[in-house]
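Numbering (my numbering), first residue to last: 2 to 251. All C-beta atoms, glycine included, are put in the ideal place defined by N, C-alpha and C. Scroll down for the structure; my scribbles are underneath it.
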């Protein structure tokens with residue numbers, strides 16, 4: 002969180018250990034231009050407050066400084082989360098949500114725009130064939146239909162990975178259904194195990210609860226419908242320190 006604040010708003014030399022020189026920050030660097038804040042929904046609540054101040058006042062104050070700098074920046078934010086729901090859950094500030102939500106563009110999942118798959122496959126084939134110095138020109142009709150019918154939970158990135166494996170596995174100009182089946186199977190093998198997926202879900206769930214309750218374990222345990230002792234065991238299992246989520250002044 003401290004590192005993110007420094008990257009966004011800058012810091013002065015000596016502001017903290019390792020701050021050996023002044024750093025202007027991304028807002029100052031983007032003055033008169035645009036700044037993309039990717040995965041804005043994962044920003045800690047305490048930092049959301051500081052971001053809101055910058056957006057409203059149009060000025061930043063670097064960490065360790067008493068002076069403010071005026072900035073004129075167009076902010077573009079993106080998130081894989083449903084920020085409307087995050088707002089209702091209390092993990093994303095309502096005032097920041099409305100401050101950012103001027104123009105909204107929703108990018109549909111790849112499975113909702115299957116007509117794009119042939120064009121994306123063709124584009125990726127050209128790029129990757131050139132990179133690997135191979136002459137792979139197209140997929141067979143059945144192979145392309147197979148890719149068009151897949152659910153693609155990983156969206157375009159997953160499609161790109163499969164096409165890359167297809168190019169690596171192919172020895173001819175036209176890719177067969179068998180090669181696509183093999184590539185898609187290899188992609189599935191790259192998925193996390195059930196235990197790993199559950200561990201990651203538990204960690205994300207616990208940290209979101211602690212962000213919401215600002216490190217109050219009793220409140221977090223109540224929200225999770227678990228007793229305090231059991232909740233502490235979960236925190237210990239994932240090496241999560243509740244104290245890190247307690248808000249401090251400033």
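Residues that residue i bridges to, as DSSP identifies them
{"i": "residue 64", "result": "12"}
{"i": "residue 78", "result": "38"}
{"i": "residue 176", "result": "140"}
{"i": "residue 71", "result": "60"}
{"i": "residue 24", "result": "12"}
Rounded Cβ spacing between residue i and residue j (contact assumed at less than 8 Å)
{"i": "residue 64", "j": "residue 7", "result": "5 Å"}
{"i": "residue 145", "j": "residue 121", "result": "About 11 Å; that fails the 8 Å criterion."}
{"i": "residue 12", "j": "residue 24", "result": "5 Å"}
{"i": "residue 48", "j": "residue 5", "result": "6 Å"}
{"i": "residue 218", "j": "residue 233", "result": "7 Å"}
{"i": "residue 103", "j": "residue 28", "result": "Not really, about 18 Å apart at Cβ, beyond 8 Å."}
Exposure label - residue i; buried when at least 16 CB within 10 Å
{"i": "residue 18", "result": "exposed"}
{"i": "residue 173", "result": "exposed"}
{"i": "residue 212", "result": "buried"}
{"i": "residue 118", "result": "buried"}
{"i": "residue 35", "result": "exposed"}
{"i": "residue 106", "result": "exposed"}
{"i": "residue 15", "result": "exposed"}
{"i": "residue 171", "result": "buried"}
{"i": "residue 180", "result": "buried"}
- Within the chosen definition, does the stretch 70-85 reach the stretch 28-45 through at least 3 CB pairs nearer than 8 Å? Contact between the stretch 70-85 and the stretch 28-45 is established, with three or more Cβ pairs separated by less than 8 Å.
- At a cut of 8 Å, does the stretch 227-247 reach the stretch 203-216 through at least three beta carbon pairs? Contact holds: three or more Cβ-Cβ distances are below 8 Å.
- Task: Could you say if the stretch 133-151 and the stretch 91-108 meet the contact criterion of at least three C-beta pairs nearer than 8 Å?
- Result: no
- Specify whether the stretch 124-134 and the stretch 163-170 touch according to this definition: at least 3 beta carbon pairs, one from each stretch, less than 8 Å apart. yes
- Message: Report the start-end ranges of each alpha helix (DSSP H) in the stretch 95-160 that is 4 residues or longer and not cut off at the edges.
- Response: 95-101, 118-132, 142-150
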